[in-house]
Amino acid sequence: MSAPTFRLYNTLTHETEPVEPIEEEHLRFYSCGPTVYMYAHIGNFRSFLTADLLRRTAEALGWDVTNVSNITDVGHLTQDDLVDPGGADKMQQALEREGERFANIYDLARHYTEAFLEDWRALNLREPEVRPRATEHVTDQLHAVVELVEKGHAYATDQGVYFSVESVADYGHLSGNTEAQQLEATDRDVVEDPDKRDPRDFALWKHDPEHLMHWHSPWGWGYPGWHIECSVMGMHYLGDRFDLHTGGEDLIFPHHECEIAQNQALAGHPVVNYWVHTRFLQVEGEKMSKSAGNFYTVRDLIQPGPDDAHVPASIRARGGVDPLALRYTLMQGQYRKPFNFTLDTLHTAARHVRRFQEVAERVDEALDADADGPDTLGDRLDDIYDRTLAAMCDDLNTPAATAAALEGATAIEQTDRLSGAAAESARAWLARTNDLLGIIESEFEAEERAGATVDPGLDTDHLSGSIDELLQDREDARESGEYARADAIRDTLEALGIEVMDRPEGPEWRREVEL
RNA sequence: GGUGACGUGGCCGAGUGGUCAGGCAGAGGCCUGCAAAGCCUCCUACGGCGGUUCGAAUCCGCCCGUCACCUCCA
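Position one of the first sequence corresponds to residue 1124 (this note's numbering), numbered consecutively onward.
If you want it as structure tokens, here you go:
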């Protein structure tokens, strides 16, 4: 079968377009990463997951991929445009909030960066080729600001340096915010800079010697504006023409709008061809917020603390859900459509992920047994994989892709007796599907299996000896017809969250996934 | 007010002119000492009103509703 055409919705053109890399079969893209001032939440990761799926789909097509995904470890003003002498900044606020935990702002950034990378791996996201930090590129950012001033695209006031929006054509095209008055904030409770020439102009540099992070510049001590870092790091690593740029929908305006203007001014031409934005998710039908009690960080769900009262007790009781179940859940909505994250979906996802894993176990056993017989699965699984890939190529249609993958699991389950040949086909299919979707087995766990620490979510390991004893007792009871006693033992196990299955070859147990 | 997205069965969600999505929940059956798991079968919907068409969930128009963004946010 010929490879399907990879198509993505481009915010810039409002159309779903074929992805045609500048370098043939080499996708180069930039992903806006997090500001590291708190633990990342599941909405953050919906967006990063889009970038991961983009990569995996391109790789499945045989393309090379170069992805740059930044870490924003410079605090920016909570009201981006406003030069607030008080320096109310997200990271500074975090430091004030959690002051006793961290020695300084850099320590805080380091902590949340490490936590972010742990979550990233837990969710089975592939590593970007480059993960630059904003603080490592401040000099580059300053050079860019100087260049913008020299080219007449920016000007300095007492309070900072601003990009002049009217110096580039087409400002507002990406977001549709073309009217000047739309670009003026209605409520401004912080003093704005009276020397700004146009309310739409945005800050490139903020003069503030008191800021917790500050650098020397031609305009005195201060720190860079938010938008310039992505322009600079993107072009630094990917050149002044690259394929694609990803981020959350909130970044369309102002962040990416400003980035496009800066890119145009610096390079003299458009730099990025495709802009891909992930919609915000909702949780239980509402916007996720701490006050609504539906705000979940990744670690809330995969390794909650016993006192995380906002995490449902059923999840806390079992020490968190399988991270792949969380990943699977986030894939149950296409990245561009409204998505309602619910515990019900999480529950279903956990079942599906376990089902894939059990199919994989069965295939591995059949591989070892290597029974004679024809390959009854290969053609069918090839067709299923083709449809899975086609769904991903269709603007990352993950619900359709996972539905197709599930058909593969059913196909394997339906086969009563797997021949060695069929098992090999099934194994190959599982590997390809996992490469594409990442929902069957974690690449990082496999990597680290040698020195594997016990998953904190699984506390049955120390119990398995006594579980085996109980099961043997139950078998003895069953053989002697003492079914009441056998059922009582099973009830005991179920109370511990252990499911018992009497298979023809003997009893098996596993943890329940009920939430 | 501006911009964009979206409304499919009890629930989640595919599907861009004529043929089956898939899953969850539910019902029946096979299997089982009974269960569980798995397998088989059943449950047939497209916000409303017009229009185009031999034929529309699918195209067009209007209306209703939901959501998001419009300088904190992925």
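Positions of the beta carbon are idealized from the N, C-alpha and C atoms, including for glycine.
Worksheet entry | VAL1284 versus ASN1557: straight-line alpha-carbon distance, rounded | In the first sequence, residue 1284 corresponds to position 161, counting from 1. In the first sequence, residue 1557 corresponds to position 434, counting from 1. Computed Cα separation, rounded: 48 Å.
Worksheet item: DSSP on LEU1306, reduced to helix/strand/coil?
Response: Within the first sequence, the letter at position 183 stands for residue 1306. Here the model assigns LEU1306 a pLDDT of 48, short of 50, so the residue's position is not dependable, and the following value carries that caveat. The answer is helix: DSSP assigns LEU1306 an H, G or I state.
Fill in: Element boundaries [alpha helix (DSSP H), containing MET1515]
In the first sequence, counting from the first residue as 1, residue 1515 sits at position 392. Residues 1501 to 1516.
Item to complete: Name, in chain order, the residues that DSSP records as bridge partners for ASN1417.
Response: Taking the first sequence and counting its residues from 1, one reaches residue 1417 at position 294. ASN1417 is not bridged to any residue.
Discussion item. In whole angstroms, give me the CA-to-CA distance for GLY1198 and GLU1488.
Written reply: Here residue 1198 refers to the residue found at position 75 when the first sequence is read from its first residue. Here residue 1488 refers to the residue found at position 365 when the first sequence is read from its first residue. Cα to Cα, GLY1198 sits roughly 52 Å from GLU1488.
Worksheet item: Alpha carbon to alpha carbon, what distance is there between ALA1472 and THR1262?
Response: Locating residue 1262 in the first sequence gives position 139, where the first residue counts as 1. Locating residue 1472 in the first sequence gives position 349, where the first residue counts as 1. Near 46 Å, if we compare the C-alpha coordinates of ALA1472 and THR1262.
Worksheet entry | Buried or exposed by the 16-neighbour rule on C-beta atoms within 10 Å, applied to ALA1618 | What you label residue 1618 is simply residue 495 of the first sequence in a count that begins at 1. It counts as exposed.
Worksheet item: Where DSSP assigns a beta bridge to ASN1133, which residues make up the other side?
Response: Numbered from 1 along the first sequence, position 10 holds the residue referred to as residue 1133. Per DSSP, GLU1138.
Worksheet item: Can you name the start and end residues of the beta strand (DSSP E) that LYS1329 belongs to?
Response: Counted from its first residue, the first sequence places residue 1329 at position 206. Start and end: 1325 to 1330.
Practice prompt. Assign PRO1141 to buried or exposed, taking buried as 16 or more other Cβ atoms, counted over all protein chains shown, within 10 Å of its Cβ.
Written response: Taking the first sequence and counting its residues from 1, the one referred to as residue 1141 is at position 18. That one is exposed.
Worksheet item: Out of curiosity, what's the CA-to-CA distance linking SER1565 and LEU1559?
Response: Here residue 1565 is taken as the residue at index 442 of the first sequence, counted from 1. Here residue 1559 is taken as the residue at index 436 of the first sequence, counted from 1. Cα to Cα, SER1565 sits roughly 12 Å from LEU1559.
Worksheet entry | Cβ neighbour criterion (16 or more within 10 Å) applied to PRO1497 | Translated into positions along the first sequence, residue 1497 becomes position 374. Answer is exposed; the Cβ neighbour count stays below 16.
Worksheet item: What's the call for ASP1366, buried or exposed, on a 16-neighbour Cβ count within 10 Å?
Response: Numbered from its first residue, the first sequence carries residue 1366 at position 243. Buried.
Worksheet item: Using the C-alpha atoms, what's the distance from TYR1458 back to PHE1325?
Response: Translated into positions along the first sequence, residue 1325 becomes position 202. Translated into positions along the first sequence, residue 1458 becomes position 335. In a straight line, the C-alpha of PHE1325 is about 29 Å away from that of TYR1458.
Worksheet item: By a C-beta neighbour count over all protein chains shown, 10 Å radius and 16 as the cutoff for buried, is ASP1318 buried or exposed?
Response: The residue you call residue 1318 lines up with position 195 of the first sequence. Counting Cβ neighbours within 10 Å, ASP1318 comes out exposed, since fewer than 16 surround it.
Worksheet entry | Cutoff 6 Å; reference ASP1518; Cβ partners in own chain excluding five residues on either side | Position 395 of the first sequence, counted from the first residue, corresponds to residue 1518. Closer than 6 Å at the Cβ level, and outside the excluded window around ASP1518, lie ARG1130, LEU1131, TYR1132, THR1139.
Practice prompt. Please go through the segment 1184 to 1270 and give each complete alpha helix (DSSP H) segment of 4 or more residues, from N-terminal end onward.
Written response: 1213 to 1220, 1228 to 1245
Worksheet entry | Simplified DSSP assignment, three categories, for PRO1522 | Against the first sequence, residue 1522 aligns to sequence position 399. Of the three classes helix, strand and coil, the one that applies to PRO1522 here is helix, per DSSP.
Worksheet item: Between which two residues does the alpha helix (DSSP H) carrying ASP1558 extend?
Response: On the first sequence, position 435 is the one that residue 1558 refers to. Residues 1543 to 1560.
Worksheet item: If you draw a straight line from the C-alpha of SER1298 to the C-alpha of GLY1370, how long is it?
Response: Indexing the first sequence from 1 puts residue 1298 at position 175. Indexing the first sequence from 1 puts residue 1370 at position 247. About 14 Å.
Worksheet item: LEU1389 to ALA1549, Cα distance in whole Å?
Response: As a working note, residue 1389 is residue 266 in the first sequence. As a working note, residue 1549 is residue 426 in the first sequence. Cα to Cα, LEU1389 sits roughly 51 Å from ALA1549.
Item to complete: Round the Cβ separation of LEU1449 and LEU1469 to the nearest angstrom and send it over; I've been treating them as touching at under 8 Å.
Response: Residue numbering aside, residue 1449 sits at position 326 when the first sequence is read from its first letter. Residue numbering aside, residue 1469 sits at position 346 when the first sequence is read from its first letter. The pair is a contact, with the Cβ atoms about 7 Å apart (cut-off 8 Å).
Practice prompt. Label MET1454 either buried or exposed according to how many other C-beta atoms from any shown protein chain fall within 10 Å of its C-beta, with 16 as the threshold for buried.
Written response: For this step, residue 1454 is matched to residue 331 along the first sequence. Counting Cβ neighbours within 10 Å, MET1454 comes out buried, since at least 16 surround it.
Discussion item. Tell me the residue span of the alpha helix (DSSP H) that contains TRP1349.
Written reply: For the purposes of this step, residue 1349 is taken as the residue at position 226 of the first sequence. Counting along the chain, the alpha helix (DSSP H) containing TRP1349 begins and ends at 1349 to 1361.
Worksheet entry | Endpoints, the alpha helix (DSSP H) within which LEU1469 is located | Counting from 1 along the first sequence, the entry for residue 1469 is found at position 346. Per DSSP, LEU1469 belongs to the alpha helix (DSSP H) from 1466 to 1492.
Practice prompt. To the nearest angstrom, report how far apart VAL1269 and ASP1363 are at their CA atoms.
Written response: In the first sequence, residue 1269 corresponds to position 146, counting from 1. In the first sequence, residue 1363 corresponds to position 240, counting from 1. Their Cα atoms are separated by approximately 18 Å.
Item to complete: Tell me whether GLY1629 sits in a helix, a strand or coil according to DSSP, three-state version.
Response: The count along the first sequence starts at 1 and reaches residue 1629 at position 506. GLY1629: strand per DSSP, three-state reduction.
Worksheet item: Could you give the residue range of the beta strand (DSSP E) that holds SER1154?
Response: Residue 1154 sits at position 31 when you count from the first residue of the first sequence. Note, SER1154: beta strand (DSSP E), 1149 to 1154.
Worksheet item: Where does GLU1382 land, buried or exposed, given buried means 16+ other C-beta within 10 angstroms?
Response: In the first sequence, counting from the first residue as 1, residue 1382 sits at position 259. GLU1382 should be labelled buried.
Worksheet item: Quick check: the segment 1431 to 1448 against the segment 1244 to 1252, are there 3 or more CB pairs under 8 Å?
Response: yes
Worksheet item: Whole-angstrom Cβ separation of GLU1421 and PHE1464, contact assumed at under 8 Å?
Response: As a first step, residue 1421 is located in the first sequence; it is residue number 298 there, counting from the start. As a first step, residue 1464 is located in the first sequence; it is residue number 341 there, counting from the start. Before going on, a small fix: residue 1421 reads as Val here, not Glu. Contact flag wrong, Cβ pair sits at about 12 Å.
Item to complete: Take SER1170 and list the residues in its own chain whose beta-carbon comes closer than 6 Å to its own, dropping the five residues that flank it on each side.
Response: As a first step, residue 1170 is located in the first sequence; it is residue number 47 there, counting from the start. If we look at SER1170 and ignore the five residues flanking it on each side, its Cβ neighbours are GLY1371, THR1401.
Worksheet item: By Cβ distance, which residues of its chain are closer than 6 Å to GLU1622, with the 5 residues on each side in sequence left out?
Response: Counting from 1 along the first sequence, the entry for residue 1622 is found at position 499. Around GLU1622: ARG1633, GLU1635.
Practice prompt. Just grab the DSSP bridge partners of VAL1623 for me.
Written response: Taking the first residue of the first sequence as 1, we reach residue 1623 at position 500. Answer is TRP1632, bridged to VAL1623.
Item to complete: Measure the beta-carbon distance from ALA1494 to ARG1540 and round it to whole angstroms, keeping in mind my assumption that it falls under 8 Å.
Response: Within the first sequence, numbered from 1, the residue matching residue 1494 stands at position 371. Within the first sequence, numbered from 1, the residue matching residue 1540 stands at position 417. Correct: roughly 7 Å between the Cβ atoms.
Worksheet item: Taking just the CA atoms, how far does THR1195 sit from ASP1431?
Response: Against the first sequence, residue 1431 aligns to sequence position 308. Against the first sequence, residue 1195 aligns to sequence position 72. ASP1431 and THR1195: Cα-Cα distance of roughly 27 Å.
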